[in-house]
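There are 2 protein chains.
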Amino acid sequence: MLYLVGLGLSDETDITVKGLEIVKKASRVYLEAYTSILLVDQAVLEKYYGRSIVIADREMVESQSDDILANAQTEDVAFLVVGDPFGATTHTDLVLRARELSIPVSSVPNASIMSGIGACGLQLYNFGQTVSMVFFTDNWRPDSFYDRVKENRDIGLHTLVLLDIKVKEPNLESLARGRIVYEPPRYMTVGTCASQMLEVEEKRKEDVYSEDSLAIGAARVGGRDQVFVAGTLRELCDADERLGLPLHSMVLLGRRTHELENDFVRDFAVDKEKWQRLWESEYQNKQ
Amino acid sequence: MLYLVGLGLSDETDITVKGLEIVKKASRVYLEAYTSILLVDQAVLEKYYGRSIVIADREMVESQSDDILANAQTEDVAFLVVGDPFGATTHTDLVLRARELSIPVSSVPNASIMSGIGACGLQLYNFGQTVSMVFFTDNWRPDSFYDRVKENRDIGLHTLVLLDIKVKEPNLESLARGRIVYEPPRYMTVGTCASQMLEVEEKRKEDVYSEDSLAIGAARVGGRDQVFVAGTLRELCDADERLGLPLHSMVLLGRRTHELENDFVRDFAVDKEKWQRLWESEYQNKQ
Chain A
1 MLYLVGLGLS DETDITVKGL EIVKKASRVY LEAYTSILLV DQAVLEKYYG RSIVIADREM
61 VESQSDDILA NAQTEDVAFL VVGDPFGATT HTDLVLRARE LSIPVSSVPN ASIMSGIGAC
121 GLQLYNFGQT VSMVFFTDNW RPDSFYDRVK ENRDIGLHTL VLLDIKVKEP NLESLARGRI
181 VYEPPRYMTV GTCASQMLEV EEKRKEDVYS EDSLAIGAAR VGGRDQVFVA GTLRELCDAD
241 ERLGLPLHSM VLLGRRTHEL ENDFVRDFAV DKEKWQRLWE SEYQNKQ
Chain B
288 MLYLVGLGLS DETDITVKGL EIVKKASRVY LEAYTSILLV DQAVLEKYYG RSIVIADREM
348 VESQSDDILA NAQTEDVAFL VVGDPFGATT HTDLVLRARE LSIPVSSVPN ASIMSGIGAC
408 GLQLYNFGQT VSMVFFTDNW RPDSFYDRVK ENRDIGLHTL VLLDIKVKEP NLESLARGRI
468 VYEPPRYMTV GTCASQMLEV EEKRKEDVYS EDSLAIGAAR VGGRDQVFVA GTLRELCDAD
528 ERLGLPLHSM VLLGRRTHEL ENDFVRDFAV DKEKWQRLWE SEYQNKQ
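So the sequence lines, in the order shown, correspond to chains A and B.
Heads up: the first sequence runs through residues 1 to 287, numbered per the working numbering.
Heads up: the second sequence runs through residues 288 to 574, numbered per the working numbering.
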């Protein structure tokens, strides 16, 4: 059996009891470690599980999936995924390959950022499609997220923005010299996300949002020290210090809001009076 | 401290290790039992936790929240919620009341149907807003869901439909005679949902979807015996036997699809050839 086990969002104790039992009994345990991270190290997990785990990077999952699945017709293999196995990153390819090999598959769900973000106080019913924000480079500044945000905003819905992480990226200079040296990991902050969003609005000028649009920055959602900072996009450009360590994510508000959402979220505002003023003029009873 | 603890979707072992530790230590434990249910009984939970729990019905949560919160400034109170505490049903009112009483609040996330539905193989990125379907009665057949589905379909997105449950509903005849007798619980099936959806399309005639629209019925998502049945809305009207026991939910597909989603989902189809034909003519490469 191939078990896809969600680890939840924060630390080693966020695994479910069902998931932990599977991890303890499986023949081999892999940890998918390139699309998200827990806030604890591999060593902490290994100690907690009482066994060693194999870190599965993108290369391994995409090119060597048959190694992961070896003998899973008769043995139990656990494939651990931060969040939920079918959440922000789905591992449908691995499941499809398992089906081809007649390997039974079972999944153990857990909290995903796509539902965990509800802890900010906005109702999940009022969210539209989720978008991703990648790190802009000198010559790659993709703005397709802007069209998706526009679709959500046009019908009044909130948008969850998931922020890029770069782990195990080869250093290009070394690569050119024939050596593989990995860059230190990078995690996008809310500040970077907000400023990239404003840059794209500046370029596209379709009034999808503005510096004064209300948004919520989130850090370490689901962790004991999760932090939410609410403010305008301009304010969130400078909120990284308040938010602290990774992982960050963000929500851009839509106009279809409920007064209870405001009561809850205002408490997180950088500037409560400004938040309330913008809420009343731009959001309240607008749809 | 008030702890909101998510229980996940299926049985007693879906609680996280972190959540279980809190339940074992708290002074009092409440189980919110009117917006969703686990697939196991209270007695199973109590045995598993090694302690008694208080069932909190709607009346208690909405009108007697101060009893739930009593002394939580100094004691730990655990409030258990099926799924995620901020998922399909949010308990923001309880948190806001706790804030007023200067009670610190902590939440333990878990799988929600709103992310767990990803196990059907559709990418959560391609979902629009979630809608709810209530049991139609002779004189109450609300169709506001139809407008939401239309918004999603217009931009090619999938729609998760959450199905009504009725627990602890008073029998109206007895009530008129001054006695409170509760009806047996009722859980909407995919068949009822699909036929109510077709009824509303028939009435509104805005071509939001049709009998041949593709959809997925889901039963006991997150459980060891979860079942998905894929088919047209007409086919899903008759799929209750294949789906089996509650809880059910449903997804209506949008046109913004990925070939990998089809590869995954087709396996669940009532009629694979028909599914493939409709997929190719109505969905594939349409957006």
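Built from N, CA and C at the ideal position, the CB exists for glycine as well.
Taking DSSP as the reference, what is the three-state secondary structure of residue i?
| i | result |
| --- | --- |
| residue 305/A | No information on residue 305/A is available, as it lies outside the stretch 1 to 287 that chain A covers here. |
| residue 5/A | strand |
| residue 231/A | strand |
| residue 352/B | helix |
| residue 16/A | strand |
| residue 510/B | coil |
| residue 113/A | helix |
| residue 83/A | strand |
| residue 281/A | helix |
| residue 359/B | coil |
| residue 501/B | strand |
| residue 341/B | strand |
| residue 539/B | strand |
| residue 310/B | helix |
| residue 44/A | helix |
| residue 385/B | helix |
| residue 208/A | coil |
| residue 552/B | helix |
| residue 119/A | helix |
Excluding sequence positions up to five away, which residues of its chain have a Cβ less than 6 Å from the Cβ of residue i?
| i | result |
| --- | --- |
| residue 427/B | none |
| residue 472/B | 454 |
| residue 156/A | 254, 255, 256, 287 |
| residue 522/B | 557 |
| residue 367/B | 292, 294, 318 |
| residue 84/A | 6, 109, 110, 112 |
| residue 44/A | 12 |
| residue 262/A | 279 |
Find the nearest neighbour of residue i within the set the options, judged by alpha-carbon distance.
| i | options | result |
| --- | --- | --- |
| residue 16/A | 460/B, 510/B, 361/B, 480/B | 510/B |
| residue 133/A | 127/A, 84/A, 197/A, 124/A | 197/A |
| residue 188/A | 165/A, 176/A, 194/A | 165/A |
| residue 78/A | 227/A, 191/A, 57/A, 24/A | 24/A |
| residue 439/B | 170/A, 145/A, 127/A, 83/A | 127/A |
| residue 319/B | 506/B, 341/B, 357/B, 394/B | 341/B |
| residue 408/B | 555/B, 395/B, 536/B, 369/B | 555/B |
| residue 297/B | 479/B, 397/B, 458/B | 397/B |
| residue 315/B | 299/B, 493/B, 354/B, 390/B | 354/B |
| residue 248/A | 221/A, 260/A, 265/A | 221/A |
| residue 289/B | 357/B, 327/B, 308/B | 357/B |
| residue 445/B | 513/B, 458/B, 539/B, 347/B | 539/B |
| residue 102/A | 73/A, 37/A, 149/A, 34/A | 73/A |
| residue 386/B | 284/A, 279/A, 265/A | 265/A |
| residue 51/A | 61/A, 202/A, 57/A, 20/A | 20/A |
| residue 190/A | 202/A, 160/A, 174/A | 160/A |
| residue 245/A | 282/A, 263/A, 259/A, 228/A | 228/A |
| residue 106/A | 170/A, 45/A, 94/A | 94/A |
| residue 34/A | 56/A, 26/A, 176/A | 56/A |
| residue 250/A | 135/A, 144/A, 276/A, 163/A | 163/A |
| residue 528/B | 479/B, 560/B, 323/B, 430/B | 479/B |
| residue 60/A | 258/A, 91/A, 282/A | 91/A |
Name the chain B residues that come within less than 9 Å of residue i, Cβ to Cβ?
| i | result |
| --- | --- |
| residue 42/A | Here the premise fails: no neighbours, minimum Cβ distance about 18 Å. |
Can you pull the chain B neighbours of residue i, defined as C-beta to C-beta under 7 Å?
| i | result |
| --- | --- |
| residue 92/A | 408, 547, 551 |
| residue 127/A | 416 |
| residue 155/A | 438 |
Check the Cβ of residue i against every Cβ in chain B and list those closer than 8 Å, keeping chain order.
| i | result |
| --- | --- |
| residue 110/A | 295, 303, 397, 398 |
| residue 13/A | 303, 304, 305, 308 |
Give me the chain A residues within the contact set of residue i, using Cβ-Cβ distance strictly less than 9 Å, ordered along the chain.
| i | result |
| --- | --- |
| residue 382/B | 121, 264 |
| residue 509/B | 107, 108, 109 |
Chain A partners of residue i, CB-CB under 7 Å?
| i | result |
| --- | --- |
| residue 394/B | 119 |
The ligand FAD and residue i: does the residue's C-beta get closer than 7 Å to at least one heavy atom of that ligand?
| i | result |
| --- | --- |
| residue 85/A | As for the ligand FAD, it is missing from this structure, which has no ligand bound. |
Can you find the residues in the same chain that come closer than 7 Å, C-beta to C-beta, to residue i, ignoring five residues on each side of it along the sequence?
| i | result |
| --- | --- |
| residue 520/B | 481, 484, 485, 496, 498, 500, 502 |
| residue 238/A | 191 |
Go through its chain and collect everything with a Cβ distance to residue i's Cβ below 8 Å, but skip five positions before and after it.
| i | result |
| --- | --- |
| residue 384/B | 352, 353, 356 |
| residue 309/B | 290, 292, 363, 365, 395 |
| residue 278/A | 212, 214, 232 |
Q. Which residue spans inside the stretch 416-493 of chain B form an unbroken alpha helix (DSSP H) run of at least 4?
A. 431-441, 459-463, 477-491
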